[in-house]
Amino acid sequence: MREQYRSAGLAEEELAAGPMEQFDRWFRDAVRSGVYEPNAMVVSTADADGRPSSRTVLLKEYGPRGFVFYTNYRSRKGRELAANPRLSLLFPWHPIARQVIVSGTAQRVARAETAAYFRERPRGSQLGAWASEQSSKIASRAELERLYADVELRHPPGEEIPAPPEWGGFLVVPQSAEFWQGRENRLHDRLRYEAQDGGWRVDRLCP
Ligand SMILES: Cc1cc2nc3c(=O)[nH]c(=O)nc-3n(C[C@H](O)[C@H](O)[C@H](O)COP(=O)(O)O)c2cc1C
Numbered sequence: 013m014r015e016q017y018r019s020a021g022l023a024e025e026e027l028a029a030g031p032m033e034q035f036d037r038w039f040r041d042a043v044r045s046g047v048y049e050p051n052a053m054v055v056s057t058a059d060a061d062g063r064p065s066s067r068t069v070l071l072k073e074y075g076p077r078g079f080v081f082y083t084n085y086r087s088r089k090g091r092e093l094a095a096n097p098r099l100s101l102l103f104p105w106h107p108i109a110r111q112v113i114v115s116g117t118a119q120r121v122a123r124a125e126t127a128a129y130f131r132e133r134p135r136g137s138q139l140g141a142w143a144s145e146q147s148s149k150i151a152s153r154a155e156l157e158r159l160y161a162d163v164e165l166r167h168p169p170g171e172e173i174p175a176p177p178e179w180g181g182f183l184v185v186p187q188s189a190e191f192w193q194g195r196e197n198r199l200h201d202r203l204r205y206e207a208q209d210g211g212w213r214v215d216r217l218c219p
């Protein structure tokens, strides 16, 4: 698969009109090729002083409006995005010699959208979201398990568990998106969309 994509490359003529359609094509290729967790992406944010931080997060939805992931709004990334909504997403699809890098801004999704997604999650994940103040310090593993057990007691099996108020989705609206295809002799293809005048401009970058 990797060799097939490397020899085929990525040409301007075959690019979709916009980055979300192009992402859809490549995401489907990644799924078809058996890339492990193709929806795992590296989300990079920066604090008010410009200090960067990165972590892996699962992409839960994508479409014409952008990319959606879920997290705790009070986590490090959540706080950083509140101060500075600019972020970058990176999809490392190594087995097919591809990577996609998106730069854009994040905004919270509507509460009803978060609630609908949270309802579909397994009960254990729902309880975990209530039990964990993501990114804050905790004295021990035992303390974390105690918090989980407390939450479990408060929500008998069968009872619907609402989404924690500080937990929810972010929609990432892309400003630019680079599609990187590994090729022979380091002559990789790099085509980058950039938002311009309500449309998209595409440039080829040196590898
Ligand atoms: C494969 C994988 C998937 C993950 N998915 C999520 C996710 O969807 N949402 C999330 O908040 N954290 C997810 N995490 C955990 C984050 O990497 C990170 O530890 C957590 O969000 C806290 O990050 P922060 O302190 O920088 O805000 C995932 C980790 C891995 C390795």
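Offset between the sequence shown (1-based) and my numbering: plus 12.
C-beta atoms are modelled at their ideal positions from N, C-alpha and C, and glycine is treated no differently.
Close beta carbons around residue i, own chain, < 7 Å, minus the five adjacent residues each side
| i | result |
| --- | --- |
| L199 | P219 |
| E196 | R18 |
Any non-hydrogen atom of ligand 1 within 7 Å of residue i CB
| i | result |
| --- | --- |
| A141 | no |
| S137 | no |
| L183 | no |
| E226 | This structure gives no information on residue 226, because the portion of the chain shown stretches from 13 to 219. |
| Y74 | no |
| L156 | no |
Residues that residue i bridges to, as DSSP identifies them
| i | result |
| --- | --- |
| I113 | L102 and E190 |
| S45 | In DSSP, S45 forms no bridge with anything. |
| S66 | S56 |
| L93 | DSSP lists no partner for L93. |
| L183 | V80 and Q119 |
Local conformation of residue i per DSSP, three classes
| i | result |
| --- | --- |
| P84 | Position check: residue 84 holds Asn in this sequence, whereas Pro was assumed. N84: strand per DSSP, three-state reduction. |
| Q34 | helix |
| K72 | strand |
| Q208 | strand |
| L216 | In the sequence under discussion, the amino acid at residue 216 is Arg, which differs from the Leu named in the question. If DSSP states are grouped into helix, strand and coil, R216 belongs with the strands. |
| S152 | coil |
| D162 | helix |
| R77 | coil |
| R198 | helix |
Chain-order list of residues whose beta-carbon lies under 6 Å from that of residue i (same chain, five-residue window excluded)
| i | result |
| --- | --- |
| P104 | Q111 |
| A143 | L159, Y160 and V163 |
| L13 | The residue you asked about is not Leu; residue 13 is Met in the sequence shown. Once the five neighbours on either side are set aside, the close Cβ partners of M13 are S45 and I108. |
| S115 | S100, Q187 and S188 |
8 Å CB neighbourhood of residue i in its chain, flanking five on each side removed
| i | result |
| --- | --- |
| P174 | A127 and F130 |
| Y74 | M32, F35, D36, F39 and V80 |
| L183 | R77, G78, F79, V80, A118, Q119, R120 and V121 |
| S65 | S56, T57, A58, D59, R88, K89 and E92 |
The beta strand (DSSP E) enclosing residue i, as first and last residue numbers
| i | result |
| --- | --- |
| A52 | A52 to A58 |
Run of the alpha helix (DSSP H) containing residue i, from where it starts to where it stops
| i | result |
| --- | --- |
| Q16 | R14 to A20 |
| S137 | R135 to A143 |
| R123 | R123 to E132 |
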